[in-house]
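Numbering (full-length UniProt numbering), first residue to last: 1 to 591.
Cβ atoms here follow ideal geometry from the backbone N, Cα and C, with glycine treated the same way.
Structure below.
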């Protein structure tokens, strides 16, 4: 931390002119904003005489608006944008949360609007320690797997951090899973315990678990042995007490002084390279694969994404699911690393609840997929909500059409929508835009490569690197690439080469500044008469029609059939499942 005197001395060294808003951000990054920002005479002087050396030392990962203020030379901008001087963090998830609680003890960390739950960083840290000690008391140990199955509730994120603190591997389970998918997932990773509510909407979680594990009915202590899932020992319910289960309050009270000491001792033994989360891919064919992520993967991905987004203290509306990487990493981990407040409007996605939460909690940052934003924009009473607090937002999952981007600005006050690209296997983000990117970059690209990450595009057939701007398969190599697909060496070796380049399966192109354009999936590419045809080209054109909300092309540029539907089959991350879409259309059209 530099002192105010040092800051003032540094500003006198050179006379580079920098915009006042840039200085405010410099002060935010240096931790001096609260003491200095309101001293107008000082700001008036400092914005005229900012030391370039000071700025480059303290700004870190810098959005375009700051780069333009500092340099006009294109080459320097390119180098600064890929600044690797900021080191990777060598810390665990638990250490990250502890640091946040020490730094911002009384700041609100979490707001679950529907459940009426509000927690400061200090309160959340205390709950996490209690839950982690309770899990140790129940016999779970470092390296065991615990599944969390359910919608966005406080207990989801509580056990996300509690498992990490105890060295237990969190298994993120899609709440829409049915019996077959659930049994496969729990069996694949040998889950020892499952945390879930009794039910949510039409999903009866406990009833489904009883169908797989009828032994629960006779487990008076809540501990059982299942013939179909021999590793599963207990089900922890988060709402009403059920026969054969352990209630979450019992977990919170189970940890003795001995277990809390065991938890404290464990912190010196955990490695940031340990696996800490298994995220199942939202695959469209076959069984889902368990992408295994380490502390190092997700802590650093959240750290550098947060820097790219310009996070200081943001009140962020999070309608995205916690069982997906965007919710748990770009949401939960960014909270712990950057001190943002996460506002969860409802347990399941609800556009009206989102708008009410933005209005009532004065959210200034939004998370969402393009599909979610389109849904909110389509609300007939949108104009009745006070969205004046909104400043910017983050989107991923698919490209955000230009018309949607413009409507977000005019109708929802989202002045800066930041685009991104990633995969579960990348923890998840690989490319993220800058807040002040122009409209072309926001609508034509998925952002710029993150710090400490490499990307290349290769010919699909030969594997040779293609010239800049040419399409090919996108490969990523970075700290964020998963450890493996759990217990699946063959699939792992197909996805990750020996030199750690991860094959995304996406067709993309790169420009010389590190921005990426996604063309489509290799599986979706259509070869007709020797020509490669990418559905995204036609979809982009169809989006220009004012009466088209969403468009998907599954076959040729000039289609033989055009079908109008009310909705598309989606993956967990909000992407259209084109394989299922093809199957549905083939069945509907009798092809």
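Q. Secondary structure at residue 299, three-state DSSP: helix, strand or coil?
A. Numbered from 1 along the chain shown, position 299 holds the residue referred to as residue 299. In this structure, residue 299 counts as helix in the three-state DSSP scheme.
(Q) By DSSP's criteria, residue 458 is part of a beta bridge. Which residues make up the other side? (A) Counting from 1 along the chain shown, the entry for residue 458 is found at position 458. Answer is 465 and 473, bridged to residue 458.
**Q.** Secondary structure, beta strand (DSSP E): runs of 3+ residues fully inside the segment 74–139
**A.** The qualifying runs are 108–112 and 117–120.
Q: State the DSSP-derived secondary structure class of residue 358, mapped to helix, strand or coil.
A: Residue numbering aside, residue 358 sits at position 358 when the chain shown is read from its first letter. If DSSP states are grouped into helix, strand and coil, residue 358 belongs with the helices.
Q.
With a threshold of 8 Å, are at least 3 pairs of Cβ atoms found where one atom belongs to the segment 116–133 and the other to the segment 152–165?
A. Using a C-beta cut-off of 8 Å, the segment 116–133 makes contact with the segment 152–165, since at least three inter-stretch Cβ pairs fall below that distance.
Q. Since residue 268 contacts residue 155 with CB under 8 Å, what's their CB separation in whole angstroms?
A. Reading the chain shown from its first residue, position 268 is the one you call residue 268. Reading the chain shown from its first residue, position 155 is the one you call residue 155. In fact, because the Cβ distance is near 28 Å, the residues do not count as touching under 8 Å.
Q: For the segment 463–471 and the segment 373–393, state whether three or more C-beta atom pairs, one from each stretch, are separated by less than 8 Å.
A: In short, these stretches do not touch, since the Cβ pair count stays below three.
**Q.** Close-in-space but distant-in-sequence residues of the same chain around residue 101 (CB under 8 Å, 5 per side omitted)
**A.** Walking along the chain shown from the start, residue 101 turns up at place 101. Apart from the 5 residues on each side of it in sequence, residue 101 sits with its Cβ closer than 8 Å to the Cβ of 121, 122, 124 and 125 in its chain, given in chain order.
**Q.** Supposed close pair residue 454, residue 477 - CB separation, criterion 8 Å
**A.** As a first step, residue 454 is located in the chain shown; it is residue number 454 there, counting from the start. As a first step, residue 477 is located in the chain shown; it is residue number 477 there, counting from the start. Confirmed, about 5 Å.
(Q) Would residue 638 and residue 340 qualify as a contact pair, given that the criterion is a beta-carbon distance under 9 Å? (A) In the structure as shown, the chain starts at 1 and stops at 591, and residue 638 therefore has no counterpart that could be examined.
Q: Answer with buried or exposed for residue 313, where buried requires no fewer than 16 other C-beta atoms within 10 angstroms of its C-beta.
A: The count along the chain shown starts at 1 and reaches residue 313 at position 313. Of the other Cβ atoms in all chains shown, fewer than 16 fall within 10 Å of the Cβ of residue 313; this residue is therefore exposed.
Q. In whole angstroms, what separates the C-alpha of residue 489 from that of residue 139?
A. Walking along the chain shown from the start, residue 489 turns up at place 489. Walking along the chain shown from the start, residue 139 turns up at place 139. Cα-Cα distance, rounded: 29 Å.
Q. Are at least three pairs of beta-carbons, each pair with one atom in the segment 362–375 and one in the segment 206–215, less than 8 Å apart?
A. The segment 362–375 is not in contact with the segment 206–215.
Q: Using beta-carbon positions only, say whether residue 232 and residue 479 come within less than 9 Å of one another.
A: Sequence index remark: in the chain shown, residue 232 carries index 232 (1-based). Sequence index remark: in the chain shown, residue 479 carries index 479 (1-based). Inclusion of residue 232 and residue 479 in the CB contact set at 9 Å is not warranted, their separation being larger than that value.
Q. Is the shortest distance between the beta-carbon of residue 406 and the beta-carbons of chain B less than 9 Å?
A. Protein chain content of the structure displayed is limited to a single chain, and chain B is not contained in it.
Q: Count the other CB atoms, across all protein chains shown, that sit within 10 Å of the CB of residue 422; report buried if there are 16 or more and exposed otherwise.
A: Taking the chain shown and counting its residues from 1, one reaches residue 422 at position 422. Classification of residue 422: buried, given that the 10 Å Cβ count is 16 or more.
Q. Expressed to the nearest angstrom, what Euclidean distance is found between the alpha-carbon atoms of residue 578 and residue 522?
A. Along the chain shown, one-based indexing puts residue 578 at 578. Along the chain shown, one-based indexing puts residue 522 at 522. Taking the straight line from one Cα to the other gives about 12 Å.
Q. Curious, which full-length beta strand (DSSP E) runs of at least 3 residues does the segment 191–251 contain?
A. Within the segment 191–251, the beta strand (DSSP E) runs of at least 3 residues that lie entirely inside it are, in chain order, 193–196 and 234–237.
Q. By a C-beta neighbour count over all protein chains shown, 10 Å radius and 16 as the cutoff for buried, is residue 98 buried or exposed?
A. Residue mapping note: residue 98 aligns to position 98 of the chain shown, counting from 1. If you draw a 10 Å sphere on the C-beta of residue 98, you find 16 or more other C-beta atoms in it, and that means buried.
Q. On the three-state DSSP scale, how would you describe residue 149?
A. Translated into positions along the chain shown, residue 149 becomes position 149. Residue state, collapsed to three classes: strand.
Q) For residue 416, does the three-state DSSP call read helix, strand or coil? A) If you number the chain shown from 1, residue 416 lands on position 416. Of the three classes helix, strand and coil, the one that applies to residue 416 here is strand, per DSSP.
Q) Looking only at C-alpha atoms, which of 103, 146 and 512 sits nearest to residue 449? A) Along the chain shown, read from residue 1 onward, the residue named residue 449 stands at position 449. Closest option to residue 449, judged by alpha-carbon separation, among 103, 146 and 512: 512.
Q: Starting from the C-beta of residue 288, find all residues in its chain whose C-beta is less than 6 Å away, skip the five residues before and the five after it, and write them out in chain order.
A: Within the chain shown, numbered from 1, the residue matching residue 288 stands at position 288. Once the five neighbours on either side are set aside, the close Cβ partners of residue 288 are 280 and 281.
Q: Closer than 7 Å by C-beta to residue 223: which residues in its own chain qualify, once you throw out the five before and the five after it? Chain order, please.
A: For the purposes of this step, residue 223 is taken as residue 223 along the chain shown, with counting starting at 1. The answer, listed in chain order, is 233 and 234.
Q.
Looking at residue 424: is its Cβ nearer than 9 Å to the Cβ of residue 295?
A. Here the question's residue 424 lines up with position 424 in the chain shown. Here the question's residue 295 lines up with position 295 in the chain shown. Taking 9 Å as the Cβ cut-off, residue 424 and residue 295 do not qualify as a contacting pair.
(Q) Can you list, in chain order, the residues of its chain with a C-beta nearer than 7 Å to that of residue 290? Leave out the 5 residues immediately preceding and following it. (A) The sequence position of residue 290 within the chain shown is 290, counting from 1. Only 188, 189, 278, 280, 485 and 486 meet the Cβ criterion.
Q: Look up residue 579 in the DSSP assignment and say whether it is helix, strand or coil.
A: Within the chain shown, residue 579 is the residue found at index 579, counting from 1. Residue state, collapsed to three classes: helix.
Q: Keeping to the same chain, check which residues put their C-beta closer than 7 Å to that of residue 595; ignore five residues upstream and five downstream.
A: It is not possible to answer for residue 595, since the shown part of the chain is limited to 1 through 591.
**Q.** Reduced DSSP category for residue 444 - H, G, I as helix; E, B as strand; rest coil
**A.** As a first step, residue 444 is located in the chain shown; it is residue number 444 there, counting from the start. Helix at residue 444.
Q | Residue burial classification, residue 431 (beta-carbon count within 10 angstroms, cutoff 16) | A | In the chain shown, residue 431 corresponds to position 431, counting from 1. Residue environment for residue 431: buried (at least 16 other C-beta atoms within 10 angstroms of its C-beta).
Q: Compare the Cα-Cα distances from residue 242 to each of 220, 257 and 227 and report the closest residue.
A: The residue labelled residue 242 in the question sits at position 242 within the chain shown. Ranking 220, 257 and 227 by Cα distance to residue 242 puts 220 first.
Q.
Counting C-beta neighbours from all protein chains within 10 Å, is the total for residue 342 16 or more, i.e. buried, or is it exposed?
A. By 1-based counting over the chain shown, the position of residue 342 is 342. Buried, by the Cβ-count rule.
**Q.** Inter-residue Cα distance where the pair is residue 560 and residue 591
**A.** Residue numbering aside, residue 560 sits at position 560 when the chain shown is read from its first letter. Residue numbering aside, residue 591 sits at position 591 when the chain shown is read from its first letter. Taking the straight line from one Cα to the other gives about 12 Å.
(Q) According to DSSP, residue 421 sits in a beta bridge with which residue or residues? (A) By one-based count along the chain shown, residue 421 stands at place 421. Note: residue 421 sits in a beta bridge opposite 431.
(Q) Nearest by alpha-carbon distance to residue 227: which of 356, 183 and 582 is it? (A) One-based indexing of the chain shown puts residue 227 at position 227. Comparing Cα positions, the closest option is 183.
Q) Who does residue 292 pair with in a DSSP beta bridge? A) Here residue 292 refers to the residue found at position 292 of the chain shown. Residue pairing for residue 292: DSSP places it in a beta bridge opposite 278 and 484.
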